[in-house]
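Asker: Could you have a look at this structure, given as structure tokens, before my questions?
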Amino acid sequence: MSDFHYEEEEFTSQFNGGTLIRILQSVRTHWKWVAGFMICIAGVSALESFFTYLGKRIVDDAIIPRNQEALVQLLGLYFALTFIFVVLVFCFIFLAGVLGQRVRYDLRKKVFEHLQGLSFSYFDKTPVGWIMSRVVSDTDRMADLVTWGMLDVTWATMNIVVGLFFMFTINWQLALIVMALIPFLVRVAIWFKTKILVEYREVRKLNSKITGTYNENITGVRVVKALRREEGNLKEFDDLTSTMYRRAFRAAWLSALFLPIVQIISAVAIGAILWYGGGQVSIGGMTIGGIQAFIAYITFMMWPVQDLARVYAEMQQAIASAERFFSLMDARPDIQNKPGAVTVTDMRGDIEFENVTFYYQPEKPVLRDFSLKVRQGETIALVGPTGGGKSTTVNLICRFYEPKDGSIRINGRDYRDYTLESIQSRLGVVLQTPHLFSGTIRENLRYGRLNATDDEIVEAAKLAGAHDFIITLEKGYDEQVGEGGVLLSTGQKQLISLARAVLAKPDIFIMDEATSSVDTLTEALIQRGMETLMKQSTSFIIAHRLSTIRRADRILVIENGGISEMGSHAELMRQKGHYYSLYTRQFREEQALRREHAFDVLSTDGENGSAPHTNGRPVPLPAGD
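Using the working numbering, you'd call the opening residue of the sequence shown number 7 and step up by one each time.
Quick look at the structure:
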């Protein structure tokens, strides 16, 4: 486990309404649901305050004067309002729950759609764990804020406003005393919200790193086990979680400290009411029920204030989450359709690189003034040292990246004049590390062409050499592949990946080390099957085994950002340059492996007194050098 090299954005500005407004805008399309539950919660809040006032009326107008008729009327009103209160509680809980799910769905759908449009470069530099944290936990916090958070704020605000109204109705002097306490509470809240926001921003950042660490260690568990990195990983993970714990602990401590302060203010207010109200009762300025109602309002009002403090603390978390969520949503793809880009339906034609320069980092150019013309239907093989620019060349053809300088032309036209979607829909790409999606083999094969028939799927699998192993599986083409194809071997995944590309009937076909994990016999079968496809498409092949590219029309040796050698296999062998050295060295290594295998077979069978053989066939011993 290693720490991420990706640097997260720093969100250190003070809280402002801009982010909150953007969060609230996420519920605009659901305004009817919002209005419904806001009306319901406002009604609940108003009734809660009115019940206290009604209690005053029962004491002053019915119990003390022993007015039985008034008592019956007031109790009847109380039970009628209680029924309405219960209905409103049910409605706002139901509406808030539905709204929360709708908001979650919308946020996750938007971010998923947005991720589909981002360029390769974004995913190259952004950890998967960081993205997943935005998609899952941050959207949850935002949805909670615009539903239950909004509900709590509405409830608390209405309780305070309606409570003050009834307090002014009972005794305006005492109501003014209570109002005088509100600015002090606001000032305390401002101080606390600043401190809490800083802490929760750090918590969210650390949470992203922890999520990413989980992802890296789960997906790379084989490497971790092989290199015995368990203890080192555990220590690094413990450092991250300990730091997050300390930050979260401080944030929780600050949030909890606010509640005792509110309780102290509440006690001071009640003491003032009892002191002032007791004197008013003796001179007839207040009733017993009025003092009781006032104390109830003070006590009751402090709960909404405490609730606002809790919501505010949670809102800091939501704001910190939203800042990171919107940083993802504000990311723009490096590659976008230019104004007036046209849709291309046929990409069969010449492909030309004109003085192309490309780099991932400005100080380290990968291709320099690279020029190449590929004729329609030609098969081009790319070989050369690691980092020389082979994969970059095919990535540029796929328009995963675009040239920093120069141009790439297809059919004589700069490919940036075509829409990105129409170009990539005409490509067939098979990468060195194949990726399959959860589901069946049939579903994975059909992924690149959803309207393909079962016969076309089988034909493509046969062409790619995948059919023979598929039919040996218990469910054949309906066999589950598992997450990422984990239930299949790497070689089997590559065969399915090849068949998927074949089924798409691409105009441009690209194989990047696509046969690196299959045996030589299977590779030979694939090569024969690919010949038909390559005659119909312009093909680019990157292969470690040079024996797989002998039949290419042209072989390019890519090194130091340019083409050092170019020609057919025979032509390059006659030149006795870099390709000749690579090929002969690899050929000798393969011959040595064959000799070693034959020697092992001979030794084993010689001990048993039998002739050397493999699978029942005699094995000719290699001739001497």
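All C-beta atoms, glycine included, are put in the ideal place defined by N, C-alpha and C.
None of the values given here were measured: they were computed from a predicted structure.
Nearest by alpha-carbon distance to Asn566: which of Phe376, Thr385, Leu494, Val436 is it?
Answerer: Out of Phe376, Thr385, Leu494, Val436, Phe376 has the C-alpha closest to the C-alpha of Asn566.
Asker: Hey, is the region 557 to 565 in contact with the region 378 to 385, meaning 3+ C-beta pairs nearer than 8 angstroms?
Answerer: These segments touch.
Asker: I'd like to confirm the pairing. Which residues does DSSP put opposite Phe174 in its beta bridges?
Answerer: Paired residues: none, contrary to the question.
Asker: Just to confirm the assignment, what range does the alpha helix (DSSP H) spanning Gln498 have?
Answerer: Per DSSP, Gln498 belongs to the alpha helix (DSSP H) from 496 to 509.
Asker: Helix, strand or coil, according to DSSP, for Leu26 in the structure here?
Answerer: DSSP places Leu26 in helix when its eight states are reduced to three.
Asker: For Gln592, which residues from the same chain have a beta carbon less than 7 angstroms from its beta carbon, with the 5 sequence-adjacent residues on both sides left out?
Answerer: Closer than 7 angstroms at Cβ, skipping near neighbours: Leu552.
Asker: I'd like to know whether the C-beta atoms of Phe43 and Leu157 end up nearer to each other than 8 angstroms.
Answerer: Against a cut-off of 8 angstroms, the Cβ pair of Leu157 and Phe43 comes out as a contact.
Asker: Reducing DSSP to helix, strand and coil, say where Asn73 ends up.
Answerer: Here Asn73 sits in coil by DSSP.
Asker: Report the three-state DSSP secondary structure of Phe190 (helix, strand or coil).
Answerer: Note: Phe190 maps to helix in three-state DSSP.
Asker: Enumerate in chain order the residues of its own chain whose CB-to-CB distance from Gly454 is below 8 angstroms, with the five nearest sequence positions on each side excluded.
Answerer: Result list for Gly454: Gly434, Arg506, Ala507, Leu509, Ala510, in chain order.
Asker: Between Val141 and the rest of its own chain, which residues show a CB-CB distance below 7 angstroms, the 5 nearest in sequence each way excluded?
Answerer: Arg114, Val117.
Asker: Compare the Cα-Cα distances from Asp146 to each of Arg580, Glu320, Ile414 and report the closest residue.
Answerer: The shortest C-alpha separation from Asp146 is found at Glu320.
Asker: Would you list the residues sitting across from Ser545 in a DSSP beta bridge?
Answerer: DSSP lists Thr385, Phe515 as partners of Ser545.
Asker: Contact check, Leu77 vs Ile69 under 8 angstroms by CB: the rounded distance?
Answerer: Indeed they touch by this definition, with Cβ atoms about 7 angstroms apart.
Asker: Name the residue from Ala324, Glu449, Val348 whose alpha carbon lies nearest to the alpha carbon of Glu205.
Answerer: For the residues Ala324, Glu449, Val348, the minimum Cα distance to Glu205 belongs to Ala324.
Asker: Is Ile463 near Leu479, with beta carbons less than 8 angstroms apart?
Answerer: Not closer than 8 angstroms, so no.
Asker: Taking the alpha carbon of Ile564 as the reference point, which residue from Ser431, Gln486, Thr392, Ile414 has its own alpha carbon closest?
Answerer: When each option's Cα is compared against that of Ile564, the closest is Thr392.
Asker: Can you name the start and end residues of the alpha helix (DSSP H) that Ser397 belongs to?
Answerer: Looking at the DSSP string, the run of the alpha helix (DSSP H) that includes Ser397 is 396 to 403.
Asker: Within 10 Å of its beta-carbon, does Ser139 have 16 or more other beta-carbons around it, so buried, or fewer, so exposed?
Answerer: Burial call: buried.
Asker: Taking Cβ positions, are Val487 and Ile447 nearer each other than 8 angstroms?
Answerer: It is a contact, given that the beta carbons lie within the stated cut-off.
Asker: If you run the structure through DSSP and keep just helix, strand and coil, what is Pro391?
Answerer: Here Pro391 sits in coil by DSSP.
Asker: Note the first and the last residue of the continuous alpha helix (DSSP H) segment covering Leu578.
Answerer: Its alpha helix (DSSP H) spans residues 575 to 581.
Asker: For the putative contact between Ile29 and Met148, defined by C-beta atoms under 8 angstroms, what is the C-beta separation to the nearest angstrom?
Answerer: So it is a contact: roughly 6 angstroms between Cβ atoms.
Asker: Output the residue ranges of the alpha helix (DSSP H) runs that lie fully inside the region 298 to 377 and measure 4 residues or longer, sorted by chain position.
Answerer: Here no run is fully enclosed.
Asker: Identify every residue that forms a DSSP beta bridge with Arg556.
Answerer: Partner(s): none; Arg556 has no beta bridge.
Asker: Among Glu236, Ser333, Phe174, whose alpha-carbon lies nearest the alpha-carbon of Phe300?
Answerer: Comparing Cα-Cα distances from Phe300 to each of Glu236, Ser333, Phe174, the minimum goes to Phe174.
Asker: Suppose only complete runs of 4+ residues qualify. What are the alpha helix (DSSP H) ranges in the region 126 to 166, listed by chain order?
Answerer: The qualifying runs are 126 to 131, 134 to 139, 145 to 150.
Asker: Count Cβ pairs between the region 341 to 361 and the region 128 to 135 that sit closer than 8 angstroms; are there 3 or more?
Answerer: Counting Cβ pairs under 8 angstroms, fewer than three are found: no touch.
Asker: Mind checking Ser6: buried by the 16 CB within 10 Å criterion, or exposed?
Answerer: As displayed, the chain neither begins before 7 nor continues past 631, which places residue 6 out of reach and without an answer.
Asker: Would you mind working out which of Leu378, Ala466, Phe126 sits nearest Phe406, comparing C-alpha positions?
Answerer: That would be Phe126, whose Cα lies nearest to the Cα of Phe406.
Asker: Below 7 angstroms CB to CB, which residues in the same chain sit around Phe198 once its five sequence neighbours on both sides are set aside?
Answerer: Leu260, Phe264.
Asker: Kindly list the residues whose CB is nearer than 6 angstroms to the CB of Asn401, restricted to its own chain and excluding five residues on each side of it in sequence; keep chain order.
Answerer: Here the set comprises Tyr407.
Asker: Can you give me the C-alpha to C-alpha distance between Leu437 and Gln430, rounded to a whole angstrom?
Answerer: Distance between the alpha carbons of Leu437 and Gln430: 15 angstroms.
Asker: Does Leu378 come within less than 8 angstroms of chain C when only Cβ atoms are used?
Answerer: Going by chain labels, chain C is absent from the structure shown, which holds only one protein chain.
Asker: Beta-carbon separation of Val372 and Phe364 under 8 angstroms?
Answerer: Closer than 8 angstroms, so yes.
Asker: Flag this pair as yes or no: are the beta carbons of Pro310 and Ala162 separated by less than 8 angstroms?
Answerer: Going by C-beta atoms, Pro310 is nearer than 8 angstroms to Ala162.
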